[in-house]
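Report on the structure given below.
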Amino acid sequence: MKLAHLTWQEFSEIVPAQRDTAILPIGTIEAHGVTSLATDVLIPEKIADEIVNRLKAVALPSVPYGITRSLYGYPGSLTVKPATFEAYISEIIDSCFAHKFKKLVVLNGHGGNSSSLNKVGLEGFHRTGLKIAVVHWWLLAAEVCKEVYGQSGGHAALDENAFILAFWPELVKKERYKQDMVYRATEGIEAYPNPGSIITYAKGEGYLDFDPTKAKKYALGAIEKVAAHLEDVFQRWEKI
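Going left to right, the sequence shown walks through residues 1036 to 1275 as the working numbering numbers them.
In structure tokens:
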């Protein structure tokens, strides 16, 4: 169920009587190797669509603009200041509380947003009492990446590329991929802009795999991980 598909009258009948949880997908627009600039928005939006009914929630329209850091130098990458971003998300949290949601899932698709979302999530809970779960989907799905590929992912690397390949294969430009596009982040050096728009964190790992069967297995596994973790959190909240 999507908020964008409801009238205000329908919303008032549904929230909170039938559904008391909102899911807010958030990402950013930035370079992602050989796939979409909107990868960080598309993935959490898709996860929200897949889990919303299972969690008896309402999916809110996505926030596509976030805090783009070292990849801002790549064409098409957009950003907002952390203070602007935090204020904006905080006001969305307040609006969710004002309109009677009891729980909010902030479904993050971008690492650069993480610290700010953790901060505003905690502050929002303290301010309103709204129960808030901030989800960084790729971290929950790290185990799935190891299971399917036997290695870890990264930025625009094995895992994110696989998710896009699973649902939007036309957005993955395999013909543009070269292994030397991959940059391994190394502790002790920070470079602006980042020397590569595909970034890995372990030597020899994270290189792209274009097998559609593995991609779908990974993506579905990632979605399941997010849903299962949230179900557990919700059940535990009921005991508080």
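Each residue gets a CB set at the ideal place from its N, CA and C atoms; glycine is no exception. None of the values given here were measured: they were computed from a predicted structure.
- Rounded to the nearest whole angstrom, the CA to CA distance from ILE1049 to LYS1252 is 34 Å.
- Distances from the CA of LEU1077 to each of TYR1100, TYR1109 and GLY1185 were compared; the closest alpha carbon is that of TYR1100.
- For the stretch 1068-1132, the full-length beta strand (DSSP E) segments reaching 3 residues or more read 1092-1094 along the chain.
- ASN1143 has ILE1061 and HIS1171 as its beta-bridge partners, per DSSP.
- In the three-state DSSP reduction, LYS1037 falls in the strand class (E or B).
- Annotation for VAL1183: LYS1249, LYS1252 and TYR1253 place their beta carbon closer than 6 Å to its own, counting only its chain and skipping 5 residues before and after.
- DSSP places LYS1135 in the coil class of the three-state scheme, outside both helix and strand.
- By the Cβ test, the stretch 1083-1095 is not in contact with the stretch 1171-1190, since fewer than three Cβ pairs between them sit closer than 8 Å.
- DSSP places GLY1189 within a strand segment (E or B) once states are collapsed to three.
- The beta carbon of SER1071 sits closer than 8 Å to the beta carbons of LEU1077, ILE1199, TRP1203 and LEU1206 from its chain, once the five residues preceding and following it are set aside; these are given in chain order.
- Separation of the CB atoms of GLY1111 and ILE1064 is rounded to 7 Å, and the pair is thereby assigned contact status at 8 Å.
- Boundaries of the alpha helix (DSSP H) around TYR1253: 1247-1272.
- Of the residues assessed, THR1103 falls on the buried side of the cut-off, its CB having 16 or more other CB atoms within 10 angstroms.
- Our two residues, ARG1219 and ALA1237, have alpha carbons roughly 7 Å apart in a direct line.
- For ARG1054, same chain residues with a beta-carbon under 8 Å away, outside a window of 5 residues either side, are MET1036, LYS1091, ALA1092 and VAL1093 in chain order.
- The Cβ neighbour count for GLU1210, taken over all protein chains shown within 10 Å, is under 16; the residue is labelled exposed.
- The beta carbon of TYR1242 is closer than 7 Å to those of LEU1193, GLN1214 and VAL1217 in its chain, skipping five residues each way along the sequence.
- For VAL1183, the enclosing alpha helix (DSSP H) begins and ends at 1177-1184.
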